[in-house]
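The sequence shown runs 1273 to 1483 under the working numbering. Notes follow the structure.
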Amino acid sequence: MKPLLPLALGALLISGCTFFGDRSGYEQPSYEVIGQVGEAVEIRAYAPRLAAEATVQSDDVGDGRDDAFRLLFDYISGGNRSETSIAMTTPVESAAASQKIEMTVPVETARSDGNRVYMRFFLPARYNRETAPEPLDPRVRIVAVPAQTKAVLRFSGLGREKTVAEKKADLLKALDGAPWRATAEPVAYFYDPPWTPPFFRRNEVAVTAAK
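Next up, the structure:
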């Protein structure tokens, strides 16, 4: 197996991150906490948002994440049809290179049918379907994510697949008998660069939920 989210992941959050993985410089999807299940599960109402999504075929989830990540990282690093450079923290500046898009957190990843893995990078809120740069790679597409209610369980650690699977099971078990029920398969959210100490990392599993 290739290393999970290799060195390119460092570039995902390198600007503005401290050794301990400070995320303060990065835009996050807007949500409101509207409920709680037990002590650990938040019910969040997410606003509509835009994402770049890649789906890859892989028998190994870790390898699939790596491949999907590379596709998406290429997209935000210039693998799109625009040639304008967008600064990470300031307004647009002109450059000869292809367009670079600010990253947001979290990165969303999940396994789909037929040994496929998909991953999403949520784009900054200032983009819409008309202004989001068009990907060059046909395996990357821009998707409009509607407003959603999510049940979310947060955890620290390395976010290995075994741990993620256990946390997804914990999340679904927590919803048993609760007013909220899962209406889709859980996904995983990862917020931090790989050098962040495991106990400081923010990881989450989330599932679309309804009453």
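Ideal Cβ positions, reconstructed from N, Cα and C, are used throughout, including at glycine. All values reported here derive from a predicted model rather than from experimental measurement.
beta-carbon residue i near the ligand NAD non-hydrogen atom, thresh 7 angstroms
i, result
"I1315", "The ligand NAD is absent from the structure shown, which contains no ligand whatsoever."
First through last residue of the alpha helix (DSSP H) which encompasses residue i
i, result
"Y1298", "No alpha helix (DSSP H) holds Y1298; DSSP gives it neither H nor E."
"F1393", "Where F1393 is concerned, there is no enclosing alpha helix (DSSP H), although the beta strand (DSSP E) it sits in stretches over 1388 to 1394."
"L1344", "1333 to 1348"
For residue i, the nearest candidate out of the options (CA to CA)
i, options, result
"Y1303", "M1375, P1470, N1352, K1422", "K1422"
"A1317", "Y1461, A1404, I1306", "I1306"
"Y1390", "R1411, V1309, Y1463, A1478", "R1411"
"D1339", "R1401, F1394, A1482, R1388", "R1388"
"V1333", "A1482, Y1463, E1433", "E1433"
"R1426", "G1351, A1437, S1330, R1474", "R1474"
"R1353", "P1378, V1328, V1377, P1405", "P1405"
"F1462", "T1327, D1331, V1328, R1337", "R1337"
"A1437", "G1351, A1478, D1464, D1448", "A1478"
Short Cβ contact (8 angstroms threshold) for residue i with residue j
i, j, result
"L1444", "P1466", "no"
"V1424", "E1476", "yes"
"P1301", "A1416", "no"
"R1392", "E1314", "no"
"T1403", "E1299", "no"
Residue i - containing beta strand (DSSP E), residue span
i, result
"L1484", "The chain is shown from 1273 up to 1483; residue 1484 falls before or after that span and cannot be answered."
"F1462", "1459 to 1462"
"E1406", "E1406 -> no beta strand (DSSP E), and no H or E assigned at all."
"K1422", "1420 to 1427"
"Y1318", "1313 to 1318"
"A1482", "1475 to 1482"
"L1322", "1321 to 1329"
"R1413", "1412 to 1417"
Cβ shell of residue i (< 6 angstroms), same chain only, five flanking positions each side left out
i, result
"P1470", "G1429, L1430"
"V1309", "A1446, A1450"
"V1328", "G1336, D1339, A1340, V1389"
For residue j and residue i, believed in contact at Cβ under 8 angstroms, the rounded distance
i, j, result
"T1480", "A1456", "4 angstroms"
"L1408", "L1322", "The Cβ separation is near 18 angstroms, so there is no contact."
"W1452", "A1482", "7 angstroms"
Own chain partners of residue i with C-beta closer than 7 angstroms, once the 5 adjacent residues on each side are dropped
i, result
"T1435", "G1429"
"A1382", "Y1390, E1457, V1459, A1460"
"L1344", "A1324, A1326, M1391, F1393, V1412"
"D1442", "L1425"
"Y1399", "L1322"
"K1439", "L1425, F1427, V1477"
"C1289", "Reliability fails at C1289, whose pLDDT of 38 lies under 50, so the model's placement of it is uncertain and the value that follows must be treated cautiously. Contacts found: P1465."
Residues of its chain near residue i, where Cβ-Cβ distance is below 8 angstroms and the 5 sequence neighbours each way are ignored
i, result
"R1401", "L1322, I1414, A1416"
"S1330", "G1336, D1339, N1387, R1388, V1389"
"D1448", "none"
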